[in-house]
Amino acid sequence: MITPAFAQGTGAAASGTDIILQVVPFVLIFVIMYFLILRPQQRRAREHQDMVKNVRRGDTIVTTGGIVGRVARVTDDASEIEVEIAEGVRVKVVRTMIAEVRAKGEPVKAA
1 MITPAFAQGT GAAASGTDII LQVVPFVLIF VIMYFLILRP QQRRAREHQD
51 MVKNVRRGDT IVTTGGIVGR VARVTDDASE IEVEIAEGVR VKVVRTMIAE
101 VRAKGEPVKA A
């Protein structure tokens, strides 16, 4: 007669190693995502904040909507700047909507 064969269970130490081996790929994927996606995005966001903070009167800017204009007035406390898009035509633009500063203007004269 043939006796049934039963699989022997692995010990508790082996199952702990199995869990670690299952988690390692997820950790590696997260590390790769951090260095390839999250870190450069944070760097670009920091550079954009610095650019927006350093906008001065006379700078030529491009908004995210594609409008090109020259900064006519900047206030320190408000989140808006006044941009001249044509001779005598001024619009208010939210600072965070500045996509690019193309040309630096003259420094502000001391009053």
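For the sequence shown, our numbering assigns the number 1 to the initial residue and increments by one for each residue that follows. By construction, the Cβ of each residue, glycine as well, lies at the ideal position given by its N, Cα and C atoms. If you're wondering where the values come from, they're calculated on a predicted model, not measured in any experiment.
Of the choices the options, whose alpha-carbon is the least far from that of residue i?
i, options, result
"K104", "E87, I37, R57 and G65", "R57"
"T63", "I32, V93 and I29", "V93"
"T60", "S79, Q41, D18 and I85", "I85"
"V74", "F35, R39 and V91", "V91"
So, are the CB atoms of residue i and residue j less than 8 angstroms apart?
i, j, result
"V71", "I81", "yes"
"G69", "V83", "yes"
Going by beta carbon distance, what residues of the same chain come within less than 6 angstroms of residue i, once the five residues before and after it are set aside?
i, result
"T96", "none"
Give me, in chain order, the residues of the same chain whose beta-carbon lies closer than 8 angstroms to that of residue i; leave out the 5 immediate sequence neighbours on both sides.
i, result
"S79", "V94, R95 and T96"
Sorted by chain position, which residues of the same chain lie with C-beta nearer than 7 angstroms to residue i's C-beta, five sequence neighbours on each side aside?
i, result
"I67", "I85"
query = Between the region 49-65 and the region 95-104, do three or more beta carbon pairs fall short of 8 angstroms?
reply = yes
key: Length-filtered (4 minimum) alpha helix (DSSP H) runs lying within the region 29-88   = 39-53
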